[in-house]
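With mature numbering (1 follows the signal peptide of the UniProt record, and there is no 0) as the guide, the letters of the sequence shown map in order to residues -18 to -1, 1 to 134. Just so you know, even glycine gets a beta-carbon here, dropped at the ideal spot from N, CA and C. None of these values were measured; they are calculated from a predicted model. Structure first, then comments.
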Amino acid sequence: MRNLVLIFSLLFATTAAANEIDLKKFAHTYFDTMIATQAPDATKNDLENYFALLTDDVGHSHLPWVTDDSRLPDGKEAMRKGMLFYLGAHTEYSAELLNVFTFNNSAIAIRYRNSAKGIHPQNKQAIAYTQVMMEVLEIENGKVAVIRKYHE
């Protein structure tokens, strides 16, 4: 009986360790994939690479514009619709990763500086900004379940 408990304990520990992801590595992958979606030559494929990192019911806030980060069954689809609307709006884009913080195996904070120029797709007005952002990502089963974006 003792051997059986030991075997199951080792099996559980091995399975749990295999399910854990390297959050620092994931943060860098997320950042690189996310900024690719903002490039002037970004494609729908770049968006799909980004969406592959998210749960289907991802919650998203981007204060002060989007304040509700509720997880809904169509969360990823709603983000896809919004990001497709803005796809290719930038004529210039750059980003620099400043900091990565990880918390347990469940959260990441990414702080970065980005600059962009372009034309707003709805009102056709020129846009230009430089800002420092922080994204807090809640991780679930190796994917981003909630995104909270903050401006410095």
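- When the five nearest sequence neighbours on each side are left out, the beta carbons in the same chain lying within less than 6 angstroms of the beta carbon of D38 are those of K58, in order along the chain.
- When beta bridges are read from the DSSP output, N31 appears opposite no residue.
- A89 has its alpha-carbon roughly 12 angstroms from the corresponding atom of N123.
- Put simply, of L45, M16, K7 the residue whose alpha carbon is nearest the alpha carbon of R130 is L45.
- For I101 and A71, the gap between their C-alpha atoms comes out near 6 angstroms.
- Burial of Q20 is indicated by the presence of at least 16 other C-beta atoms within 10 angstroms of its C-beta.
- The beta carbon of L29 lies closer than 6 angstroms to those of T19, M65 in the same chain, with the five residues before and after it left out.
- L54 and Y75 have their C-alpha atoms roughly 30 angstroms apart.
- Counted as a single uninterrupted DSSP element, the stretch harbouring H102 is not any alpha helix (DSSP H), since DSSP gives it neither H nor E.
- A straight-line Cα-Cα distance of about 31 angstroms links A24 and E2.
- Going by DSSP, R62 is part of the alpha helix (DSSP H) stretching over 57 to 68.
- Taken through DSSP and simplified to helix, strand or coil, A77 comes out as strand.
- For L5, the uninterrupted alpha helix (DSSP H) segment begins and ends at 5 to 18.
- According to the DSSP assignment, Q107 belongs to no beta strand (DSSP E), since it is labelled neither H nor E.
- With fewer than 16 neighbouring CB atoms inside 10 Å of its own CB, L80 falls in the exposed class.
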